[in-house]
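For any residue, its number in our numbering is found by taking its place in the sequence shown, counting from 1, and adding 445. Please read the structure below before turning to the comments.
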Amino acid sequence: MSRLSVNPAKFYTQPEVKHQQTQKSVNENKTEDKAKEIAKTGKGKQEDTEVTLSEKSKELQEKLSSAEKALKIHRKKFGNVDKPGIYFLSGFDWFGASSVKGNYDGIRDMAEAIEEAEHFSWDQKDEVIKEIKKRNPEQPIILVGHSFGGDSAVEIAQELNTIENGFRKIDLLITLDSVGSDNDFIPQNVKKNLNFLAQGPYEFLNDGPNIAKNYHKTEVENYLRQEEHADLDDTTDIQVQILEQIEKILS
446 MSRLSVNPAK FYTQPEVKHQ QTQKSVNENK TEDKAKEIAK TGKGKQEDTE
496 VTLSEKSKEL QEKLSSAEKA LKIHRKKFGN VDKPGIYFLS GFDWFGASSV
546 KGNYDGIRDM AEAIEEAEHF SWDQKDEVIK EIKKRNPEQP IILVGHSFGG
596 DSAVEIAQEL NTIENGFRKI DLLITLDSVG SDNDFIPQNV KKNLNFLAQG
646 PYEFLNDGPN IAKNYHKTEV ENYLRQEEHA DLDDTTDIQV QILEQIEKIL
696 S
């Protein structure tokens, strides 16, 4: 009786190979699906990022556009002269028809001593305001007035302290024996006020020291002098003090 020689490999190799190939195919399909999913997800994220960046870019452009429009409106309304505004206002000349000469040489001399300073009469208030509104808001504004010119200087500061005029700041207000009864209260848009009071026969013209409406925003210094009303702007130490204060603002 002969024995059959059986090789187990003949019975099991083919199904096992088939199984391995099938498993390999399944794994490859899974890998391919995963790759597609990753690619799809990555593309989605990229699209989301692009949309987000596009929205931010659009928002930034709108903000810049709004800022440019606001700046144009501001320049149109308030001007953009990029230099300080320094204005000296003479008072009424009791001894002549013009208040720009004669009794107020000291005011004129100080104006001529400072580059870019301008000299006006006490009754040119509207012209001074017009000039101030041409200035860039970042530029300092300085007002110096004697007698009726001092009264006009305070009125200019008061008028600029309104929403229509942008609450325009006054860096330095110097008043030399202002004439009038409504010039004692200094508005909050004034950073500093130096007030010189004269003595003598015309002492009644000025009714007292100046007072800040808001001491948190305005510094007021009152100086009672020995000089008479007409001599204040010609007094050397007062002129020196005024010019030094202006230099501090401009430096």
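Note that CB positions come from ideal geometry on N, CA and C, so glycine has one too.
For Lys637, the uninterrupted beta strand (DSSP E) segment begins and ends at 637-642.
One thing to note: Lys579 has its Cβ no nearer than 8 Å to the Cβ of Val665.
Three or more Cβ pairs closer than 8 Å define a contact, and the segment 557-564 falls short of that threshold against the segment 599-606. Of all alpha-carbon atoms in Gly611, Asp571, Met555, the one lying nearest the alpha-carbon of Pro582 is that of Gly611. When the Cα atoms are used, Gln506 and Asn628 turn out to be separated by approximately 48 Å. Sequence-distant Cβ neighbours of Gln686 in its own chain, meaning closer than 8 Å and more than five residues away, are Leu639. Taking the C-beta atoms as reference points, Gln633 is found no nearer than 8 Å to Gln671. In this structure, Ile587 lies near Tyr532, with their beta-carbon atoms less than 8 Å apart. Between Asp678 and Leu621 the beta-carbon gap is near 6 Å, inside 8 Å, which marks them as a contact. Residue range 681-695 is occupied by the alpha helix (DSSP H) that includes Leu695. By the CB criterion at 8 Å, Gly530 and Glu576 fall inside the cutoff.
In summary, His591 is buried, with 16 or more beta-carbon neighbours lying within 10 Å of its beta-carbon over all protein chains present.
Taking a C-beta distance under 8 Å as the contact criterion, Ala558 and Leu695 do not qualify as a contact pair. The residue from Lys637, Gly625, Gly595, Thr681 with its alpha-carbon nearest to that of Gln569 is Gly595.
With contacts defined by Cβ atoms closer than 8 Å, Lys636 and Lys658 do not form a contacting pair. The distance from the Cβ of Glu604 to that of Ile574 is about 6 Å, consistent with a contact at the 8 Å cut-off. Unbroken beta strand (DSSP E) stretches of 3 residues or longer found wholly inside the segment 563-592: 563-566, 586-591, given in chain order. Only residues of its own chain outside the window of five on either side were considered, and among them Val589, Leu639, Ile687 have a CB closer than 6 Å to the CB of Ile619, listed in chain order. Distances from the CA of Ile631 to each of Val624, Thr681, Phe641, Asn655 were compared; the closest alpha carbon is that of Asn655. Gln690 is positioned such that its CB atom lies closer than 8 Å to that of Leu617. Within its own chain, no residue has a Cβ closer than 7 Å to the Cβ of Tyr660 once the five positions on either side in sequence are excluded. Look at Glu666 here: in three-state DSSP terms it is strand. Rounded to the nearest whole angstrom, the CA to CA distance from Lys662 to Asn651 is 24 Å.
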